[in-house]
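If you count by this note's numbering, then the sequence shown holds residues 7 to 370, one letter each, in order.
Input: a single structure, listed below in structure tokens.
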Amino acid sequence: GLSLCHWPLFAVLPGDRVGLDGVALFGVRLAATVAAAAMSSWAVELPVRRWNPGWRRPLVAGASVTAVLGLAVALGVGPAGSDVVAADDAAAVTLAPVAGSLAPLATVAPADATNAAPTSTVATSTEGDAGADVPVPQVVRPVRVVVVGDSTAQHTAAGLAAWAVDHPDTMQVTDASNAGCGFLRSGRVLTDGEIDWQGQCDELLDGRLPVLLADLRPDVVVLMVTMRDVEDREWPDDGVVDPFDPRYRDHLLDDYRAMADRLRAAGVPRIAWVLAPRPISPFQGEQVKMLDPARYEVMYGVIEQVADEQPDLVQVVDLRAWIEATGHGLDGGWRPDGLHWTDAAGRELAERYLAGSVVGAALG
């Protein structure tokens, strides 16, 4: 009951709706989950265990509970980012198509270049291993940002968008992410089942994204994937392999190189490729292996190799190192489900680290 109830209840109780965050928000969600699970046990599970075919009440009760939960999720869960950015703020957040030419992107020069100190510093590194906040350079026009990746990229984009609302002269953000979308395009993920995650991702990356890039002409594309590109896969010639197999790494490297090449061919001048922190979710069974940090090190190494091969295009943003250095690597208050930021955490992450890193990457 706890397993079944927690996901819809966590979804319909976001921080801004409850008015809490961190441990307090988690406590409210946990209490609601326990109450719902207890009610489900009393009204559905125990009667079903004692059911004989002549008694219809358990079926009716089960159908009723399912309908109520389904309706609650349908009414309570909006599209990604809808709880972060109000409609009135859309102009400050979302990129508009470009009809003519864009002014070159540059930092704002001091009023007195001889005597005045610069008002900000361009981040020369985004390693983040010291946990220091990254300053945001002042720019002559808003940096145009498109975020591409999976559901963790969606939540990260929401944090950047919330930050952009308060800094419309510095950044504009469009989220082009899709849940379950990675950049390793080949092979079959064994846990996908009947859901066509790869088909949805192919539609985004091959269909919608090229049109979006042509229309919006971003200064930087932020790439971010967490679990999708380190799950065990099956290839026709290789069978089932995990990321520790050199053949898996070869496939990953080929597809990551291809992703960078496609973005370059589309006219993208800079890529900020994020090293995402590993999940801390309470996985069970086969999914426990997705908590292994070594899986993610394989992906980090491939990203760093692509950046070394194309330094004029790709800059690594080591979010993983910054999160760990600031003590949030195992912080359930920042990631209540162990994977996705809360609205407040995403906003703070943008304020302290990601906005400066992305602007710095755009400036080259």
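Ideal Cβ placement from N, Cα and C applies to all residues, glycine included.
| Secondary structure at G205, three-state DSSP: helix, strand or coil? | Indexing the sequence shown from 1 puts residue 205 at position 199. G205 falls in the helix class under three-state DSSP.
| Among Q290, P283, P242, which one has its Cα closest to the Cα of G333? | Translated into positions along the sequence shown, residue 333 becomes position 327. Here the closest residue by C-alpha is P283.
| query | Hey, would you say Q321 sits closer than 9 Å to R276, going by beta carbons? | reply | If you number the sequence shown from 1, residue 321 lands on position 315. If you number the sequence shown from 1, residue 276 lands on position 270. It is a contact, given that the beta carbons lie within the stated cut-off.
| DSSP bridge partner residues for Q321 (one or two, in chain order) | Taking the sequence shown and counting its residues from 1, the one referred to as residue 321 is at position 315. Answer by DSSP bridge pairing, in chain order: A278.
| Going by beta carbon distance, what residues of the same chain come within less than 6 Å of E237, once the five residues before and after it are set aside? | As a first step, residue 237 must be located in the sequence shown, where it is residue number 231. Taken in chain order, the residues that qualify are V195.
| query | If you check the beta carbons only, do M233 and L345 fall under 9 Å apart? | reply | One-based indexing of the sequence shown puts residue 233 at position 227. One-based indexing of the sequence shown puts residue 345 at position 339. Yes, these two residues count as a Cβ contact at 9 Å.
| Hey, how far is the Cα of L15 from the Cα of V40? | As a position in the sequence shown, residue 15 is number 9, starting the count at 1. As a position in the sequence shown, residue 40 is number 34, starting the count at 1. Their backbone Cα atoms lie some 10 Å apart in a straight line.
| field | Runs of alpha helix (DSSP H) wholly within the segment 283 to 348 (minimum 4 residues, chain order) | value | 299 to 315, 325 to 331
| request: To the nearest angstrom, report how far apart V149 and P103 are at their CA atoms. | output: To locate residue 149, count along the sequence shown from 1; it is residue 143. To locate residue 103, count along the sequence shown from 1; it is residue 97. If I take the Cα positions, the gap works out to 14 Å.
| query | Thinking C-alpha only, which one of P174, R223, L297, D175 is nearest G273? | reply | Residue mapping note: residue 273 aligns to position 267 of the sequence shown, counting from 1. The alpha carbon of G273 has as its nearest neighbour, out of P174, R223, L297, D175, the alpha carbon of R223.
| field | CA-to-CA distance, E357 to W169, given in whole angstroms | value | One-based indexing of the sequence shown puts residue 169 at position 163. One-based indexing of the sequence shown puts residue 357 at position 351. C-alpha separation (whole angstroms): 7 Å.
| Helix, strand or coil at G186 [DSSP, three-state] | As a working mapping, residue 186 is identified with position 180 in the sequence shown. It is coil, neither helix nor strand.
| query | Going by C-alpha distance, which of G366, L360, G370 is nearest G137? | reply | Taking the first residue of the sequence shown as 1, we reach residue 137 at position 131. The shortest C-alpha separation from G137 is found at L360.
| message | As a quick exercise: from E240, D181, Y254, pick the residue whose alpha carbon is nearest that of G155. | response | Here residue 155 is taken as the residue at index 149 of the sequence shown, counted from 1. Checked all of E240, D181, Y254; the closest Cα to G155 is D181.
| field | Presumed contact (8 Å Cβ cut-off) between Q178 and T113, rounded CB distance | value | The sequence position of residue 178 within the sequence shown is 172, counting from 1. The sequence position of residue 113 within the sequence shown is 107, counting from 1. In fact, because the Cβ distance is near 17 Å, the residues do not count as touching under 8 Å.
| Can you tell which of G193, D318, G307, E354 has the C-alpha that lies nearest to the C-alpha of A163? | Indexing the sequence shown from 1 puts residue 163 at position 157. Of the candidates G193, D318, G307, E354, the one whose C-alpha sits nearest the C-alpha of A163 is E354.
| query | Is it buried or exposed for W48, if we count other Cβ within 10 angstroms and need 16 for buried? | reply | Along the sequence shown, one-based indexing puts residue 48 at 42. Per the 10 Å Cβ criterion, exposed.
| task | Determine the closest residue to V231 out of F189, D243, Q204, with distance taken between C-alpha atoms. | result | Working through the sequence shown from its first residue, we reach residue 231 at position 225. Of F189, D243, Q204, the residue nearest in Cα terms is F189.
| Is the closest heavy atom of the ligand HEM to the C-beta of W203 under 8 Å? | Absent from the structure shown: the ligand HEM. Ligands present: none.
| Would the segment 197 to 213 and the segment 242 to 251 be scored as touching if the rule is three or more Cβ pairs under 8 Å? | No, the segment 197 to 213 is not in contact with the segment 242 to 251.
| field | C-alpha distance - S9 paired with D343, whole-angstrom precision | value | Your numbering for residue 9 matches position 3 in the sequence shown. Your numbering for residue 343 matches position 337 in the sequence shown. Looking at the two C-alpha atoms, the distance is approximately 12 Å.
| query | Which same chain residues, not among the five before or five after A93, have their C-beta less than 7 Å away from its C-beta? | reply | As a working note, residue 93 is residue 87 in the sequence shown. Caution applies to A93, whose pLDDT of 35 falls short of 50 and renders its modelled position unreliable; the value that the coordinates give is listed next. Result list for A93: empty, nothing under 7 Å.
| field | Which listed residue (L269, D244, S107, C187) has its alpha carbon closest to that of V227 | value | By 1-based counting over the sequence shown, the position of residue 227 is 221. Out of L269, D244, S107, C187, L269 has the C-alpha closest to the C-alpha of V227.
| task | Check E240 in the structure and name its three-state DSSP category. | result | Position 234 of the sequence shown, counting from 1, holds the residue named residue 240. Note: E240 maps to strand in three-state DSSP.
| task | With DSSP collapsed to three states, give me the class of M230. | result | Working through the sequence shown from its first residue, we reach residue 230 at position 224. DSSP places M230 in strand when its eight states are reduced to three.
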